[in-house]
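Everything on this sheet refers to the single structure shown next.
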Amino acid sequence: MRITKAIGATIALSILLGLAPAARAADADHKDEWSKINILFVPWSQSSNPFFEAVISGAKDAAAQQGVNLDVQFGEEDQQHQLGILETGIANKVTGIAVNISDDNAYIDVLCNAMKQNIPVVTFNIDDSRHGAAGSTCRLAFMGQNFADAGYVLGKRMIEEHHLKKGDVVFTPVEAPQATYAVQRHAGVQKALEEIGATSEILGTGNDHAQALNLMTQYLLGHPKTSAVIGLGQTPTSQAVQSIKDAGLKIPSAGFDVSKEILDNIANGELTAAVDQQPYSQGYYAVTQLALYLKYGLYPSEMDTGGKGLIDKTNYKLAEKWAGPVR
């Protein structure tokens, strides 16, 4: 099996190396044409959210490699503002759209209208939970993590490592409890907990770190029998360890996403693990696949950018090295 895989990989690499000069030559011949491709890249989040540094870094790298133009505009967690950006882009005849969405129904009209006008759409980071099914938000493909699967893996890890048991209550804070990512991550964690008869309690924190720390600490002070904390987003995960300390408790914690603070807490053993959805890949492949579709007609593929991998004390160093622009 290993030999077969190695041969297959060698053949695939040989094909790619053989095609690369031809692709570069074709790009050179059509440089002026490609430079007219304008991709609108619209994260739902606030522009100050550090998580999206890597997403935007990946998108910009892809645009530079593909020779296309990239217009990044943040929705600032204001759905109407984000929809306005999209509507303006469509009216101005952008060539393609990459967007992450916060609600299953709010984007259907505007994005389906874009597709009807032959403006291709891909989603990244957060997708309609129906993932392209009939009646859902129109898009060609999604580049992001399967949040429910990842939540389940993290929940199982916490159960096994910290011996969570029937009757335990796990605190699951998240920036926006009604957002698709929050609902799906919580569902995955809750599925793991239900298998042992444990439960969870969710709390909205917002993106402001000081506010999140205060809200989480107050919750823990009021619920001193909490068995563990699992942050469902970067903000609450980054504040989990400190909130536990401030509440005077000694309980385990884990969560989603990567930041310097999260990695520091993993390194010193205070945070068990973090799910890495690899945001650089989300931005990079969203723009790359749109560009390849617009240039060559290559249809975008669904991509699980994070898989089920966890960052913990055994493997955090590489993530620490590239935290920010890539991780």
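Taken in order, the sequence shown gives residues -25 to -1, 1 to 302; the numbers are from mature numbering (1 follows the signal peptide of the UniProt record, and there is no 0). All C-beta atoms, glycine included, are put in the ideal place defined by N, C-alpha and C.
For residue i, report the span of its alpha helix (DSSP H) as first-last.
i           : result
G130        : 122 to 137
I83         : 83 to 91
S218        : 209 to 221
K296        : 291 to 296
G197        : 184 to 197
G110        : Premise fails: G110 is in no alpha helix (DSSP H) and is neither H nor E.
residue 303 : No statement about residue 303 is possible, as the shown extent of the chain runs from -25 to 302 and does not include it.
For the beta strand (DSSP E) holding residue i, just list the boundary residues, first then last.
i    : result
G230 : 228 to 231
D239 : That residue, D239, is in no beta strand (DSSP E); its alpha helix (DSSP H) goes 235 to 242.
S175 : 174 to 179
V204 : 203 to 206
G163 : Segment 155 to 169 is the alpha helix (DSSP H) holding G163; no beta strand (DSSP E) there.
G119 : 117 to 119
CB-CB under 6 Å to residue i, same chain, minus the five flanking residues each way: which ones, in chain order?
i    : result
I12  : V43, T70, L269
A154 : S77
C112 : Reading the sequence as shown, one finds Thr at residue 112 and not Cys. The answer, listed in chain order, is Y82, I83, L86, D103.
M278 : M118, Y260
S213 : S234, E236, I237
Q159 : F122, A123
L58  : V85
G33  : Y255, G258, Y259
Compare the C-beta of residue i against all C-beta atoms of chain D and say whether one is closer than 8 Å.
i   : result
I76 : Judged by its chain identifiers, the structure shown contains no chain D, having just a single protein chain.
Go through its chain and collect everything with a Cβ distance to residue i's Cβ below 8 Å, but skip five positions before and after it.
i     : result
S22   : F49, E51
E136  : P227, T247
L139  : M133, V145, L168, I171, A173, S202, A203
K200  : V144
V30   : P18, F99, N100, P254, Y255, Q257, G258
L224  : L195, P199, T201
E245  : V216, S228
S175  : V144, V145, F146, T147, H161, V164, Q165, L168, I205
L61   : L15, V17, I72, V74, Y82, V85, L86, A89
A294  : V233, L238, D251, I286, R302
D79   : D103, S104, R105, S111, T112, T155
L(-7) : Confidence at L(-7) is low in this model, with a pLDDT of 46, below 50, so the placement of that residue should be treated as unreliable; the coordinate-derived value is given next. Answer for L(-7): no residue qualifies.
H5    : K270
Per DSSP, which residues does residue i bridge with? Please list them.
i    : result
V96  : I72
N13  : N44
T147 : I177
M278 : M118
L285 : V250
Report all residues from its chain with a CB closer than 7 Å to the CB of residue i; omit the five preceding and five following residues, and keep chain order.
i           : result
T210        : E150, T180, N182, H184, A187
N24         : N182
N75         : P18, W19, T98, F99, N100, I101
residue 303 : In this structure the chain extends from -25 to 302, so residue 303 is not present and cannot be described.
A35         : What sits at residue 35 in the sequence shown is Lys, not Ala. If we look at K35 and ignore the five residues flanking it on each side, its Cβ neighbours are L45.
V28         : Reading off the sequence shown, one finds Glu at residue 28, where the question assumed Val. Only G299, P300 meet the Cβ criterion.
K141        : I171, G172, A173
G284        : D251
K296        : none
So residue i and residue j are in contact, right, with Cβ under 8 Å, and what is the actual spacing, rounded?
i    : j    : result
Q55  : G281 : That pair is no contact at about 30 Å.
S256 : A298 : About 15 Å; that fails the 8 Å criterion.
V262 : A116 : In fact, because the Cβ distance is near 13 Å, the residues do not count as touching under 8 Å.
L207 : A157 : 6 Å
Stretch pair the region 256 to 269 + the region 9 to 24: three plus CB contacts closer than 8 Å: yes
Contact between the region 59 to 69 and the region 288 to 301 (3+ Cβ pairs under 8 Å): no
Cβ contact (3+ pairs, closer than 8 Å) linking the region 184 to 196 and the region 217 to 227: yes
Validate contact between the region 177 to 185 and the region 114 to 131 using beta carbons, cut 8 Å, 3 pairs: The region 177 to 185 vs the region 114 to 131: no contact.
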